[in-house]
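Colleague:
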Amino acid sequence: MTDPPISTDTYAASRLMIETLAPLYGLKVDAMRAAELQPLVEKLLRHGAQLTQSTPPDLEPYFVGPPSRARAT
Amino acid sequence: MSAVDVAALTIAEAGAAFREGRLSPLGLTEAYLDRIQRFDGELNSFITVTADQARAAAQLATDELAAGTNRGALYGIPLAYKDLIATAGVRTTSASRIHANRIPRTDATVVKALAASGAVMLGKLNMLECAYGVVHPDFGPALNPWSTAHSSGGSSSGSAVAVAAGLCLGALGTDTGGSIRIPAAWCGVVGHKPTYGLVSRHGVDALSWSLDHVGPMTRTVQDAAILLEGIAGYDPRDPGSAPNRHFRAADLDRVEVKRLRVGVPRALLDSAVDRELRGLVEQAIEQLAAQVATVETVDLPSSAELLSVEYMILYPEAAAEHQPWLRTQPEDYAPLTRERLEAGSTIPAIHYIDAHRRRRVLIEQFAQIHERVDVLVLPSAPIAAMPLSATTELTINGERTDIFDGLIRITGPFNVTGAPAVSVPCGETADGLPVGLQLAGRHFEDHVVLAAARELEHARAAALQLPPLVVDRSLEVA
Chain A
1 MTDPPISTDT YAASRLMIET LAPLYGLKVD AMRAAELQPL VEKLLRHGAQ LTQSTPPDLE
61 PYFVGPPSRA RAT
Chain B
1 MSAVDVAALT IAEAGAAFRE GRLSPLGLTE AYLDRIQRFD GELNSFITVT ADQARAAAQL
61 ATDELAAGTN RGALYGIPLA YKDLIATAGV RTTSASRIHA NRIPRTDATV VKALAASGAV
121 MLGKLNMLEC AYGVVHPDFG PALNPWSTAH SSGGSSSGSA VAVAAGLCLG ALGTDTGGSI
181 RIPAAWCGVV GHKPTYGLVS RHGVDALSWS LDHVGPMTRT VQDAAILLEG IAGYDPRDPG
241 SAPNRHFRAA DLDRVEVKRL RVGVPRALLD SAVDRELRGL VEQAIEQLAA QVATVETVDL
301 PSSAELLSVE YMILYPEAAA EHQPWLRTQP EDYAPLTRER LEAGSTIPAI HYIDAHRRRR
361 VLIEQFAQIH ERVDVLVLPS APIAAMPLSA TTELTINGER TDIFDGLIRI TGPFNVTGAP
421 AVSVPCGETA DGLPVGLQLA GRHFEDHVVL AAARELEHAR AAALQLPPLV VDRSLEVA
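Protein sequences, first through last, are from chains A and B. Numbering-wise, the first sequence is residues 1 to 73 according to my numbering. Numbering-wise, the second sequence is residues 1 to 478 according to my numbering.
1) Would you kindly work out how many angstroms separate the C-alpha atoms of G123 of chain B and V298 of chain B, rounded to a whole number?
2) For P387 of chain B, I'd like the list of residues in its chain whose CB is within less than 8 Å of its CB, leaving aside the five on either flank, ordered along the chain.
3) Does any residue of chain A bring its CB to less than 9 Å from the CB of V309 of chain B?
4) Please determine, among B:A452, B:L125, B:A421, B:V110, the residue with the shortest C-alpha to C-alpha distance to S96 of chain B.
5) Quick one: what's got a C-beta closer than 6 Å to A284 of chain B's C-beta in the same chain, skipping five residues either side?
6) Can you give me the start and stop residues for the beta strand (DSSP E) that Y75 of chain B sits inside?
7) Give me the residue from B:A73, B:G197, B:G140 with the minimum Cα distance to I47 of chain B.
8) Take the Cβ of K82 of chain B as the centre, count every other Cβ of all protein chains shown within 10 Å, and call the residue buried at 16 or more, exposed below.
9) Within 9 Å of any Cβ in chain A, is that where the Cβ of P348 of chain B sits?
10) Using a Cβ cut-off of 7 Å, pull out every chain A residue sitting near M312 of chain B, in sequence order please.
11) By the criterion of Cβ-Cβ separation under 8 Å, what are the contact partners of P23 of chain A in chain B?
12) Should L277 of chain B be labelled buried (16 or more other beta-carbon atoms within 10 Å of its own) or exposed?
13) Under 9 Å between the Cβ atoms of Y315 of chain B and L51 of chain A?
14) Per DSSP, H192 of chain B forms a beta bridge with which residues?
15) Going by C-alpha distance, which of B:I396, B:S94, B:M217 is nearest S271 of chain B?
16) Is Q287 of chain B near V257 of chain B, with beta carbons less than 9 Å apart?
17) Leaving out five residues on either side along the sequence, give the residues of the same chain with a beta carbon under 7 Å from the beta carbon of V134 of chain B.
18) I'd like to know if E305 of chain B contacts chain A, where contact means its C-beta is closer than 9 Å to some C-beta of that chain.
19) Below 8 Å, how does it come out for the region 376–386 of chain B and the region 229–247 of chain B: are there three or more Cβ pairs, yes or no?
20) Using a Cβ distance threshold of 8 Å, determine whether the region 155–166 of chain B contacts the region 80–94 of chain B, with at least three qualifying pairs required.
21) By alpha-carbon positions, which one of B:H447, B:E317, B:V309 ends up nearest to V255 of chain B?
22) Between the Cα of A482 of chain B and the Cα atoms of B:Y132, B:A58, B:P145, B:I103, which residue gives the shortest distance?
23) Along the chain, where does the alpha helix (DSSP H) containing R261 of chain B start, and where does it finish?
24) To the nearest angstrom, how far is it from the Cα of R105 of chain B to the Cα of V199 of chain B?
25) Report the partner residues of A440 of chain B according to the DSSP bridge assignment.
26) Between the alpha carbons of E331 of chain B and M17 of chain A, how many angstroms are there, rounded?
27) Using the Cβ count rule (16 or more neighbours within 10 Å means buried), how would you classify S68 of chain A?
28) Would the region 168–178 of chain B count as touching the region 222–233 of chain B if we require 3 or more Cβ pairs under 8 Å?
29) Residues of chain A with a CB under 8 Å from the CB of L326 of chain B: which are they?
30) Is the beta carbon of L268 of chain B less than 9 Å from the beta carbon of Q222 of chain B?
31) In chain order, which beta strand (DSSP E) runs of at least 3 residues are fully inside the region 54–119 of chain B?
32) In whole angstroms, what is the alpha-carbon distance linking G344 of chain B and R454 of chain B?
33) For H150 of chain B, write down the residues that DSSP places opposite it in a beta bridge.
34) Curious, which full-length alpha helix (DSSP H) runs of at least 4 residues does the region 177–234 of chain B contain?
35) If I measure Cβ to Cβ from T73 of chain A and keep anything under 7 Å in the same chain, skipping five residues before and after, which residues do I get?
36) When the Cα of L326 of chain B is compared with those of B:Y75, B:D238, B:H99, which residue comes out closest?
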């Protein structure tokens with residue numbers, strides 16, 4: 001059985017994520033600033049969504065460390 | 001004692017001149033300080049000139065040389081460092097208002113290492129703000145000496161400009177997505193991004209911990225190898241530092257370049273590189289082909305995927321690093337730096353983790369490519385230096401693309417994998433702008449990559465060029 005594709009509305013997601021900036025991190029983001037940030041945030045979320053939707057399971061992350069640790073096991 | 005043209009001098013030549021008594025560290029240092037005073041008012045490559053400190057170090061080296069002491073290839077060599085590398089007692093700004101008055105109490109590990117080698121620090125170099133791709137108006141751009149109407153690249157812009165203009169013998173830069181290789185290419189100098197873990201990042205401002213690299217920028221490949229030897233080695237204070245790894249410039253001589261197999265990612269050249277620049281790169285590949293065993297076409301992993309992985313690591317790591325200042329003094333950043341940092345704060349953790357999961361796959365895919373070829377060859381940038389007026393977009397073969405996307409697509413893959421990659425000059429456009437060729441290799445085979453680059457440099461047999469802005473005003477010292 002194949003999982004259904006995830007539908008990503010990156011515009012809506014970007015608006016939601018920008019709304020977290022003030023309450024979560026204390027950043028100074030008013031409505032005008034939110035509008036300025038929206039295109040870049042949407043673009044980045046699109047990059048992230050593509051990765052998340054196409055990454056196979058059972059794959060351990062590579063974090064900081066010598067490259068020899070990065071080889072798949 | 002014969003005259004020496006300091007503007008065209010290399011580290012290797014200066015060392016020989018010291019040993020033969022044709023030049024002294026103090027005389028050379030004074031010559032560079034004079035050139036900085038005469039030319040850098042226009043070029044703006046230095047943020048801080050440490051003249052007194054330089055003279056004291058040069059005097060010591062001169063006295064010790066006279067007494068028969070020589071601490072090696074960097075002894076008495078005048079260098080300068082990108083201004084995000086901590087220098088004890090010397091302002092370290094990161095070219096940002098955020099750190100405008102910061103004076104570190106200790107040196108970065110690389111600065112300590114170079115001081116121990118007897119190198120002379122001339123000062124701290126201009127850069128794009130916090131290494132994040134934007135000029136802060138308080139500091140202004142470091143101007144490209146080949147054409148002040150064109151960008152010097154970044155973020156190690158001052159490092160490239162100072163070396164190209166003959167204001168120092170070598171410089172240190174940092175590279176998170178191409179910040180050593182792009183300005184090196186656009187200013188006509190050599191820039192090497194070492195293997196991740198080979199050079200300590202301790203005491204160097206982070207942009208993205210898992211993508212950042214410190215490396216040399218010089219006039220020749222041999223000089224890059226000499227400077228890399230001076231800064232390479234394990235540092236327990238850097239969590240990413242690789243134990244038991246060293247680099248010796250002499251290892252370049254042991255590489256049998258004639259046996260090397262070279263791979264060219266022609267699909268990337270077709271799709272992402274300016275036509276005129278591509279022609280120059282193809283000529284350089286032909287010159288290199290005559291020196292190596294084989295040249296074949298290879299397919300790199302998806303550049304779109306590589307770009308996504310770079311962004312999903314770079315943006316959130318930079319945002320995390322800058323949270324304290326982003327919260328308290330966001331107005332002090334240049335507008336685009338602030339925008340990138342705030343946008344990076346929105347990235348969900350799952351995307352960051354998935355980027356690191358995909359990174360593992362990409363590293364494995366590059367390792368498979370390197371079972372067939374020893375060195376990859378591609379341009380260092382998709383275009384020659386872009387006009388200073390370009391702010392957010394660049395045009396490649398008539399198509400407009402985001403500047404960050406267009407540049408990082410070519411250099412960023414080797415930040416994602418952590419593999420070594422060098423940019424070496426390989427020609428110039430009809431407009432007289434330098435073009436760089438990028439050579440990349442296996443992890444910790446920096447000597448192989450540099451040996452191949454040195455072979456190309458020799459095959460081209462191009463005399464070291466000085467930019468027109470400073471060529472007719474070089475100083476000779478005796």
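Beta carbons are placed, not taken as given, at the ideal position from N, Cα and C, and that holds for glycine. No experiment lies behind these values; they were computed from the predicted model shown.
Modeller: The answer reads as follows:
1) By 1-based counting over the second sequence, the position of residue 123 of chain B is 123. By 1-based counting over the second sequence, the position of residue 298 of chain B is 298. Going by the C-alpha atoms only, they are around 42 Å apart.
2) Looking up residue 387 of chain B in the second sequence gives position 387. A149, H150, S151.
3) On the second sequence, residue 309 of chain B is found 309 positions in, with the first residue counted as 1. By this cut-off, V309 of chain B is an interface position.
4) Mapped onto the second sequence, residue 96 of chain B falls at position 96. For S96 of chain B, the closest C-alpha among the options B:A452, B:L125, B:A421, B:V110 is that of B:L125.
5) Within the second sequence, the letter at position 284 stands for residue 284 of chain B. A distance below 6 Å between beta-carbons, with the five flanking residues on each side excluded, links A284 of chain B to the following residues of its chain, in chain order: C426, L437.
6) Indexing the second sequence from 1 puts residue 75 of chain B at position 75. In the DSSP assignment, Y75 of chain B falls outside any beta strand (DSSP E), carrying neither H nor E.
7) Within the second sequence, residue 47 of chain B is the residue found at index 47, counting from 1. That would be B:G140, whose Cα lies nearest to the Cα of I47 of chain B.
8) Your numbering for residue 82 of chain B matches position 82 in the second sequence. Here K82 of chain B is buried, its C-beta having at least 16 other C-beta atoms within 10 Å.
9) The residue you call residue 348 of chain B lines up with position 348 of the second sequence. Judged by the 9 Å Cβ criterion, P348 of chain B is in contact with chain A.
10) One-based indexing of the second sequence puts residue 312 of chain B at position 312. The answer, in chain order, is H47, G48, L51.
11) Within the first sequence, residue 23 of chain A is the residue found at index 23, counting from 1. For P23 of chain A, none of the residues of chain B pass the 8 Å Cβ criterion, the least Cβ distance being about 12 Å.
12) As a position in the second sequence, residue 277 of chain B is number 277, starting the count at 1. With a 10 Å radius around the Cβ and a threshold of 16 neighbouring Cβ atoms, L277 of chain B comes out buried.
13) Position 315 of the second sequence, counted from the start, is the residue given in the question as residue 315 of chain B. Position 51 of the first sequence, counted from the start, is the residue given in the question as residue 51 of chain A. No, these two residues do not count as a Cβ contact at 9 Å.
14) For the purposes of this step, residue 192 of chain B is identified with residue 192 of the second sequence, where counting begins at 1. B:V422, per the DSSP bridge assignment.
15) Mapped onto the second sequence, residue 271 of chain B falls at position 271. Looking at the Cα atoms, B:I396 is the closest of the given residues.
16) Here the question's residue 287 of chain B lines up with position 287 in the second sequence. Here the question's residue 257 of chain B lines up with position 257 in the second sequence. The answer is no: Cβ separation not under 9 Å.
17) Counting from 1 along the second sequence, the entry for residue 134 of chain B is found at position 134. Taken in chain order, the residues that qualify are L128, A334, L336, T337.
18) Along the second sequence, one-based indexing puts residue 305 of chain B at 305. Judged by the 9 Å Cβ criterion, E305 of chain B is in contact with chain A.
19) By the criterion of at least three beta-carbon pairs nearer than 8 Å, the region 376–386 of chain B is not in contact with the region 229–247 of chain B.
20) Here the region 155–166 of chain B lies against the region 80–94 of chain B, with 3 or more beta-carbon pairs under 8 Å apart.
21) For this step, residue 255 of chain B is matched to residue 255 along the second sequence. Out of B:H447, B:E317, B:V309, B:H447 has the C-alpha closest to the C-alpha of V255 of chain B.
22) Residue numbering for chain B in the displayed model covers 1 to 478; residue 482 of chain B lies beyond these limits and cannot be assessed.
23) For the purposes of this step, residue 261 of chain B is identified with residue 261 of the second sequence, where counting begins at 1. Run containing R261 of chain B: none in the alpha helix (DSSP H); it sits in the beta strand (DSSP E), 261–264.
24) In the second sequence, residue 105 of chain B corresponds to position 105, counting from 1. In the second sequence, residue 199 of chain B corresponds to position 199, counting from 1. The alpha-carbon of R105 of chain B is positioned some 21 Å away from that of V199 of chain B.
25) Taking the second sequence and counting its residues from 1, one reaches residue 440 of chain B at position 440. In DSSP, A440 of chain B forms a bridge with B:L376, B:A421.
26) Numbered from its first residue, the second sequence carries residue 331 of chain B at position 331. Numbered from its first residue, the first sequence carries residue 17 of chain A at position 17. Across the structure, E331 of chain B and M17 of chain A are spaced so that their CA atoms are roughly 21 Å apart.
27) Mapped onto the first sequence, residue 68 of chain A falls at position 68. The pLDDT assigned to S68 of chain A is 46, lower than 50, so where the model puts this residue is not dependable; a value taken from the coordinates is nonetheless given after this. Exposed.
28) Three or more Cβ pairs closer than 8 Å define a contact, and the region 168–178 of chain B meets that threshold against the region 222–233 of chain B.
29) Position 326 of the second sequence holds residue 326 of chain B. Correct list: Y25, L27.
30) As a first step, residue 268 of chain B is located in the second sequence; it is residue number 268 there, counting from the start. As a first step, residue 222 of chain B is located in the second sequence; it is residue number 222 there, counting from the start. No, Cβ-Cβ distance for L268 of chain B and Q222 of chain B is not below 9 Å.
31) The qualifying runs are 78–82.
32) Position 344 of the second sequence holds residue 344 of chain B. Position 454 of the second sequence holds residue 454 of chain B. Those two C-alpha atoms are separated by around 39 Å.
33) Translated into the one-based positions of the second sequence, residue 150 of chain B becomes position 150. Paired residues: B:P387.
34) Taken in chain order, the complete alpha helix (DSSP H) segments of 4 residues or longer contained in the region 177–234 of chain B are 181–187, 221–231.
35) The sequence position of residue 73 of chain A within the first sequence is 73, counting from 1. In this prediction, T73 of chain A has a pLDDT of 34, which is less than 50 and means its spatial position is unreliable; nothing more can be read from the coordinates.
36) The sequence position of residue 326 of chain B within the second sequence is 326, counting from 1. Checking every option, the nearest Cα to that of L326 of chain B belongs to B:H99.
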